[in-house]
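First up is the structure itself, then whatever we jot down about it.
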Amino acid sequence: MELSPELVPLVNARTPRYTSYPTAPVWKDEVDPAWQDECLAQVQAPASVYVHLPFCAEQCSFCACNQVVAGRRDAGTRYLDALERQVRGLALPVERLAVQRVHLGGGTPTWHTPAELARLVGLLRERFDLGAHGELDVEADPEITTDEQVDALAELGASRISMGVQSFDDGVLEAVGRPQRAERIGAILGRARKHGMRGLNVDLMYGLPRQVPEVFARDLDQVIALRPDRLAIFGYAHVPWIKPHQKRLEGYGLSTAETRLELFLMAHRRLAEAGYQAIGFDHFALPGDELAVAAREGRLHRNFMGYTTLPDLELIGLGTSSISQFRTGFFQQTSHLSRWWKAVEADQPAIEKGMRLSWDDQLRQALIMGLMCNLRLDWGQVAARWSIDPLEYLAADLLRLRPLQDLGLVEVDDRELRVTDRGRILVRNVAAAFDAYLHQPGVEAGPRFSRAI
Ligand SMILES: C[S@@+](CC[C@H](N)C(=O)[O-])C[C@H]1O[C@@H](n2cnc3c(N)ncnc32)[C@H](O)[C@@H]1O
Ligand code: SF4
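When we follow our numbering, the leftmost residue of the sequence shown carries the number 9, and every step to the right adds one.
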């Protein structure tokens with residue numbers, strides 16, 4: 009696929025990432041603690057759990073995650089003490105809730121010592137029952153993750169490690185302030201495999217400073233040689249209005265739409281040649297990996313933690329900035345660490361934002377997730393599940409899709425909507441047509457979101 013001039017506005021369009029719908033910046037402030045307790049008391053088992061661990065050894069200049077560089081090591085203990093209060097105080101319907109997945113994300117969970125990780129997992133197991141087949145996933149920064157930590161995680165029952173790599177190139181890593189030794193990446197993957205972990209993931213980024221096509225081609229060669237089961241290829245999201253430290257990168261010049269598309273297409277081509285299957289638009293997996301199998305069978309789901317093979321489970325978020333996702337709404341704990349600490353230590357709710365989902369929100373959430381996961385909507389299924397005539401109810405949305413249809417990115421008939429091969433990489437733009445909040449009068453997609461590619 010070439011970047012024909014008519015695609016440039018789509019590549020540059022600011023679109024939500026659609027790990028949730030409605031997307032967090034448009035949430036209303038529905039923060040009634042009684043409602044949170046009500047959702048928790050009615051949570052359906054099995055559920056899933058996300059724990060946010062915000063600490064990192066250093067701050068990468070590109071980072072858009074909620075993270076802090078802790079001045080003192082004992083911040084880890086204080087954080088776990090607070091998490092303990094939060095976990096023990098959860099108003100769950102049972103003492104120990106069945107869950108299918110626990111995800112430790114960050115920040116960098118492996119900033120914590122093996123003893124701290126053991127304390128955390130022990131605490132979680134007190135209230136959550138992962139059973140024999142539950143998954144425990146952990147995000148890790150290869151530079152600070154030691155062999156002992158990988159062994160400790162295996163001992164604690166971790167099923168999967170997801171590693172940030174971003175680039176292998178010294179020039180890029182220097183520009184973004186991320187010291188990293190390539191040999192640690194292979195060593196961690198090898199050790200995790202020996203322990204029987206599967207679904208091992210590596211995150212790579214494109215559009216970073218100095219990451220010209222030849223550099224990115226080498227990044228791809230190096231990651232392919234390591235053969236992780238899964239890969240996420242994230243376009244650098246430059247959002248300095250939310251993350252002012254990213255301004256440090258502006259001096260290097262940011263990649264143009266043309267370069268970003270070139271890099272993204274290169275990733276698709278090279279990974280396909282190397283035997284990887286595209287999942288959604290920015291994830292890839294080896295064909296035998298369960299994510300790839302689920303994608304082929306149309307069983308993929310997506311939430312704040314990315315793509316998953318598990319059905320639509322309700323999600324309990326723990327820790328600063330974590331998001332809980334229930335059938336009827338979302339809420340997010342404060343991202344401000346000292347405010348979070350203060351609230352939790354005083355046994356006060358730490359929720360900062362929330363939103364109840366209307367029937368229309370829930371319908372659109374299902375449509376957008378269907379597109380992001382399976383690149384297709386079956387009107388018969390939509391009609392049966394939502395008791396609507398989709399072509400009539402969604403007439404205005406389908407009208408918005410016309411220009412994308414004319415460009416051959418999407419095909420619509422009275423049976424289904426299909427994102428074409430040409431449209432796969434612009435699926436965020438297709439999903440955006442169904443986003444009621446982007447199209448409300450007076451509401452601008454504006455600079456709140458990153459570029460589509
Ligand atoms: C919590 S980090 C992963 C674990 C660990 N902290 C690390 O960096 O190795 C999550 C991932 O988000 C991605 N990420 C962070 N900032 C980003 C940005 N501005 N644009 C796109 N992706 C970003 C990176 O690929 C990163 O690996
Ligand atoms: S990319 Fe990872 S290691 Fe770097 S600052 Fe963000 S969360 Fe921390």
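No residue lacks a Cβ here, since even glycine has one placed at the ideal position from N, Cα and C.
Unbroken beta strand (DSSP E) runs of length 3 or more, entirely within the region 230-305: which are they?
-> Fully enclosed beta strand (DSSP E) runs of 3 or longer: 238-243, 285-287 and 291-293.
Residue from Gly378, Leu48, Phe224 and Val301 with nearest C-alpha to Arg135 = Here the question's residue 135 lines up with position 127 in the sequence shown. The residue with the shortest Cα to Cα distance from Arg135 is Leu48.
Applying the criterion that 16 or more other CB atoms from any shown protein chain within 10 Å of the CB defines a buried residue, is Pro30 buried or exposed?
-> Against the sequence shown, residue 30 aligns to sequence position 22. Pro30 comes out buried.
Are there 16 or more other CB atoms within 10 angstroms of the CB of Pro295, so buried, or fewer, so exposed?
-> Within the sequence shown, the letter at position 287 stands for residue 295. So Pro295 counts as exposed.
Quick one: does the C-beta of Asp149 sit closer than 7 Å to a heavy atom of ligand 2?
-> Along the sequence shown, one-based indexing puts residue 149 at 141. It does: the Cβ of Asp149 is within 7 Å (strictly closer) of some heavy atom of ligand 2.
Determine the closest residue to Glu143 out of Met363, Pro398 and Arg168, with distance taken between C-alpha atoms.
-> Translated into positions along the sequence shown, residue 143 becomes position 135. Looking at the Cα atoms, Arg168 is the closest of the given residues.
What's the gap between the Cα of Gly431 and the Cα of Ala404?
-> The residue you call residue 431 lines up with position 423 of the sequence shown. The residue you call residue 404 lines up with position 396 of the sequence shown. Cα to Cα, the separation comes out at about 20 Å.
List the endpoints of the continuous beta strand (DSSP E) containing Tyr58.
-> Numbered from 1 along the sequence shown, position 50 holds the residue referred to as residue 58. Following the DSSP letters along the chain, one finds Tyr58 inside the beta strand (DSSP E) bounded by residues Ala55 to Leu61.
heavy atom of ligand 2 below 7 Å from Arg25 C-beta = Walking along the sequence shown from the start, residue 25 turns up at place 17. For ligand 2, not one heavy atom lies less than 7 Å from the Cβ of Arg25.
Per DSSP, cross-strand counterpart(s) of His309 | Locating residue 309 in the sequence shown gives position 301, where the first residue counts as 1. DSSP, once it has assigned bridges, lists Thr316 as partnering His309.
Measure how close the beta-carbons of Thr23 and Asn437 come, nearest whole angstrom, since I'm counting them as under 8 Å.
-> Here residue 23 is taken as the residue at index 15 of the sequence shown, counted from 1. Here residue 437 is taken as the residue at index 429 of the sequence shown, counted from 1. With 8 Å as the limit, Thr23 and Asn437 qualify as a contact, their Cβ atoms being about 6 Å apart.
How big is the Cα-Cα spacing for Gly114 and Cys73?
-> Your numbering for residue 114 matches position 106 in the sequence shown. Your numbering for residue 73 matches position 65 in the sequence shown. Distance between the alpha carbons of Gly114 and Cys73: 7 Å.
For the beta strand (DSSP E) containing Ser332, list its first residue and its last residue.
-> Here residue 332 is taken as the residue at index 324 of the sequence shown, counted from 1. In this chain, the beta strand (DSSP E) harbouring Ser332 covers Ile331 to Phe334.
With a threshold of 7 Å, establish whether the CB of Arg218 neighbours any heavy atom of ligand 2.
-> As a working note, residue 218 is residue 210 in the sequence shown. Not so, every heavy atom of ligand 2 lies at least 7 Å from the Cβ.
How is Asp82 classed by DSSP in three states: helix, strand or coil?
-> Counting from one through the sequence shown, the residue named residue 82 turns up at place 74. In the three-state reduction of the DSSP assignment, Asp82 falls in the coil class, being assigned neither a helical nor a strand state.
Given Ala162, which residues of its chain have a CB within under 6 Å of its CB, disregarding the five upstream and five downstream residues?
-> Position 154 of the sequence shown holds residue 162. These residues qualify, in order along the chain: His203.
Going straight from the alpha carbon of Asp369 to that of Lys361, what length do you get?
-> Mapped onto the sequence shown, residue 369 falls at position 361. Mapped onto the sequence shown, residue 361 falls at position 353. Distance between the alpha carbons of Asp369 and Lys361 is about 17 Å.
Compare the Cα-Cα distances from Gly325 to each of Val16, Arg393, Leu100 and Ile193 and report the closest residue.
-> Your numbering for residue 325 matches position 317 in the sequence shown. Put simply, of Val16, Arg393, Leu100 and Ile193 the residue whose alpha carbon is nearest the alpha carbon of Gly325 is Leu100.
Using the C-alpha atoms, what's the distance from Leu88 back to Ala78?
-> Your numbering for residue 78 matches position 70 in the sequence shown. Your numbering for residue 88 matches position 80 in the sequence shown. Approximately 14 Å between the Cα atoms of the pair.
If you follow the alpha helix (DSSP H) that Val184 is part of, which residue opens it and which one closes it?
-> Sequence index remark: in the sequence shown, residue 184 carries index 176 (1-based). Asp178 to Val184 is the span of the alpha helix (DSSP H), which, as asked, contains Val184.
Is Cys1 near ligand 2, going by C-beta to nearest heavy atom under 7 Å?
-> The requested residue 1 does not occur in the structure, where the chain is confined to residues 9 to 461.
Collapsed DSSP secondary structure at Ala453 in the structure displayed = The residue labelled residue 453 in the question sits at position 445 within the sequence shown. Its pLDDT being 48, under 50, Ala453 is placed unreliably in this model, and the value from its coordinates should be taken loosely. In this structure, Ala453 counts as coil in the three-state DSSP scheme.
Is Leu239 closer than 8 Å to Phe292 when the C-beta atoms are compared?
-> One-based indexing of the sequence shown puts residue 292 at position 284. One-based indexing of the sequence shown puts residue 239 at position 231. Yes.
Alpha helix (DSSP H) containing Glu360: first to last residue?
-> Taking the sequence shown and counting its residues from 1, one reaches residue 360 at position 352. That residue, Glu360, is in no alpha helix (DSSP H); its beta strand (DSSP E) goes Ile359 to Arg364.
What is the DSSP secondary structure of Arg25, counted as helix, strand or coil?
-> Against the sequence shown, residue 25 aligns to sequence position 17. Three-state result, Arg25: coil.
Hey, would you say the C-beta of Ala245 is under 7 Å away from at least one heavy atom of ligand 1?
-> Taking the first residue of the sequence shown as 1, we reach residue 245 at position 237. For Ala245, the Cβ falls inside the 7 Å cut-off from some heavy atom of ligand 1.
Exposed or buried, Pro455, counting other C-beta atoms within 10 Å across all chains shown (16 or more means buried)?
-> Indexing the sequence shown from 1 puts residue 455 at position 447. Annotation note: pLDDT 44 at Pro455 (below 50); position unreliable, no value reported.
Pick from Gln340, Thr328 and Phe312: whose alpha carbon is nearest that of Ile321?
-> Position 313 of the sequence shown, counted from the start, is the residue given in the question as residue 321. The residue asked about is misnamed: residue 321 is Leu in this sequence, not Ile. Of the candidates Gln340, Thr328 and Phe312, the one whose C-alpha sits nearest the C-alpha of Leu321 is Phe312.
Run through DSSP, which three-state label would Ser346 get?
-> Along the sequence shown, read from residue 1 onward, the residue named residue 346 stands at position 338. Three-state result, Ser346: helix.
Test item: CB-CB of Leu132 and Val95 under 8 Å = Taking the sequence shown and counting its residues from 1, the one referred to as residue 132 is at position 124. Taking the sequence shown and counting its residues from 1, the one referred to as residue 95 is at position 87. Their beta carbons are under 8 Å apart, which means Leu132 touches Val95 by this criterion.
Same chain only: Cβ atoms within 8 Å of Tyr260, ignoring 5 sequence neighbours per side | Indexing the sequence shown from 1 puts residue 260 at position 252. Contacts found: Ala183, Pro217 and Arg218.
When the Cα atoms are used, what is the spatial distance from Val173 to Leu208?
-> Residue mapping note: residue 173 aligns to position 165 of the sequence shown, counting from 1. Residue mapping note: residue 208 aligns to position 200 of the sequence shown, counting from 1. Spanning the two alpha carbons is a distance of roughly 13 Å.
Using the DSSP secondary-structure output, state which residues sit across from Ala106 in a beta bridge.
-> Working through the sequence shown from its first residue, we reach residue 106 at position 98. DSSP, once it has assigned bridges, lists Asp137 as partnering Ala106.
Does DSSP classify Arg430 as helix, strand or coil?
-> Counting from 1 along the sequence shown, the entry for residue 430 is found at position 422. Three-state result, Arg430: coil.
Rank Gly327, Ser366 and Gly337 by C-alpha distance to the C-alpha of Arg347 and give the top, closest one.
-> Working through the sequence shown from its first residue, we reach residue 347 at position 339. Ranking Gly327, Ser366 and Gly337 by Cα distance to Arg347 puts Gly327 first.
Could you give the distance in angstroms between the alpha-carbon of Pro411 and the alpha-carbon of Thr317?
-> The residue you call residue 411 lines up with position 403 of the sequence shown. The residue you call residue 317 lines up with position 309 of the sequence shown. C-alpha separation (whole angstroms): 33 Å.
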